[in-house]
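Participant: Numbering (this note's numbering), first residue to last: 6 to 290.
1) Pull the bridge partners of residue 120 from the DSSP assignment, please.
2) With DSSP as the reference, please indicate the residues paired to residue 186 in a beta bridge.
3) Rounded C-beta distance between residue 162 and residue 52? I'm assuming under 8 Å.
4) Under three-state DSSP, which class holds residue 216?
5) List the residues that DSSP assigns as beta-bridge partners of residue 158.
6) Mind reading off the beta-carbon distance from residue 184 to residue 219? Whole number of angstroms is fine, and I expect it under 8 Å.
7) Less than 8 Å between C-beta atoms, sequence neighbours within five positions excluded: which residues of the same chain meet that for residue 275?
8) Count the other CB atoms, across all protein chains shown, that sit within 10 Å of the CB of residue 63; report buried if there are 16 or more and exposed otherwise.
9) Per DSSP, what kind of secondary structure is residue 15 in: helix, strand or coil?
10) Note down the Cα distance separating residue 285 from residue 18, rounded to an integer number of angstroms.
11) For the beta strand (DSSP E) that contains residue 249, what are its first and last residues?
12) Spatial neighbours of residue 236 within its chain, please: CB distance less than 8 Å, with the 5 preceding and 5 following residues excluded, ordered by chain position.
13) Leaving out the 5 sequence neighbours to the left and right, which residues in its chain are closer than 7 Å to residue 142 when beta-carbon positions are compared?
14) Between the region 110 to 126 and the region 81 to 89, can you find at least three pairs of beta-carbon atoms closer than 8 Å?
15) Distance, Cα to Cα, residue 136 vs residue 111?
16) Do you know offhand how far residue 98's Cα is from residue 105's?
17) For chain B, find out if any of its Cβ atoms is closer than 8 Å to the Cβ of residue 64; answer yes or no.
18) Measuring straight from C-alpha to C-alpha, what distance separates residue 129 and residue 55?
Next up, the structure:
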């Protein structure tokens, strides 16, 4: 009898040809900002984690970053050590109250180079109240316009839906990053999101483009994970970032700590991945 050797399937995240990403040059001035929405109508795919840690990695590279918490759950604010229920003014007040300026809402964070527009459950009311407003889809864009010259990147953490708040975020943005969990049901929903992005391009914001697909929660040890990632590559090709965010217990720890992984566990695989992603984002911008 001959021994039968099992052939291990190739991990496409490892085997794919990687692009050369140059080291970002230092800046002698800041702005105007590139506004990027991190968007996926499915929850739990790593949008907030990616917004926080990409922002922190961009700040490490000398970029000024404004993080916009545009989810009524306020997870982005919590992830940066802010308690949403204790806030007097949030992104809701900025959108819905004429006398409130962005300077009254934005706040410094403990991460050098990062400011925050926080959110809490009040923002959920804006989705209903905006329906009757004139130019309702451009409300966020108008609110952000005064401070865009001060930043290099504005990252908007969208809520897990394709409602009016998400349309506002897409209308205010030049680019979209889609964090995509490497799981079959996550992949199925991307077509609807791409369709929504296309409608916003046609009707509201011709400058909008898909910057890239970010594979998150990847486990290359499983056949399912490898198959889903290969399908993503087949469907989106070069739009898929070379950076792949793998599953790790470090990310839940950072949420409790209220700081990015780049400072909580600076030498971890997750921190290195987001630093590489930041270089990719700068190169594509």
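Using N, Cα and C, we set each Cβ at its ideal position, and we do this for glycine too.
Facilitator: On the basis of the coordinates in this document:
1) Position 115 of the chain shown, counting from 1, holds the residue named residue 120. Paired residue(s): 71 and 113.
2) Stepping through the chain shown from its first residue, residue 186 is reached at position 181. In the DSSP output, where bridge partners are listed per residue, residue 186 has 221.
3) In the chain shown, the residue the question calls residue 162 occupies position 157. In the chain shown, the residue the question calls residue 52 occupies position 47. Right, their Cβ atoms sit about 6 Å apart.
4) By 1-based counting over the chain shown, the position of residue 216 is 211. Residue 216: strand per DSSP, three-state reduction.
5) Position 153 of the chain shown holds residue 158. Its beta-bridge partners are 39 and 70.
6) Residue numbering aside, residue 184 sits at position 179 when the chain shown is read from its first letter. Residue numbering aside, residue 219 sits at position 214 when the chain shown is read from its first letter. About 5 Å; that satisfies the 8 Å criterion.
7) In the chain shown, residue 275 corresponds to position 270, counting from 1. Closer than 8 Å at Cβ, skipping near neighbours: 58, 250, 251, 253, 255, 256 and 266.
8) Taking the first residue of the chain shown as position 1, residue 63 is located at position 58. Buried.
9) Mapped onto the chain shown, residue 15 falls at position 10. If DSSP states are grouped into helix, strand and coil, residue 15 belongs with coil.
10) In the chain shown, the residue the question calls residue 285 occupies position 280. In the chain shown, the residue the question calls residue 18 occupies position 13. Spanning the two alpha carbons is a distance of roughly 16 Å.
11) Position 244 of the chain shown, counted from the start, is the residue given in the question as residue 249. Counting along the chain, the beta strand (DSSP E) containing residue 249 begins and ends at 245 to 251.
12) Here residue 236 refers to the residue found at position 231 when the chain shown is read from its first residue. Closer than 8 Å at the Cβ level, and outside the excluded window around residue 236, lie 192.
13) On the chain shown, position 137 is the one that residue 142 refers to. Contacts found: 172, 173, 176 and 209.
14) yes
15) As a first step, residue 136 is located in the chain shown; it is residue number 131 there, counting from the start. As a first step, residue 111 is located in the chain shown; it is residue number 106 there, counting from the start. Approximately 25 Å between the Cα atoms of the pair.
16) Within the chain shown, the letter at position 93 stands for residue 98. Within the chain shown, the letter at position 100 stands for residue 105. Going by the C-alpha atoms only, they are around 7 Å apart.
17) Absent from the structure: chain B. Only one protein chain is present.
18) Residue 129 sits at position 124 when you count from the first residue of the chain shown. Residue 55 sits at position 50 when you count from the first residue of the chain shown. Taking the straight line joining both Cα atoms gives about 22 Å.
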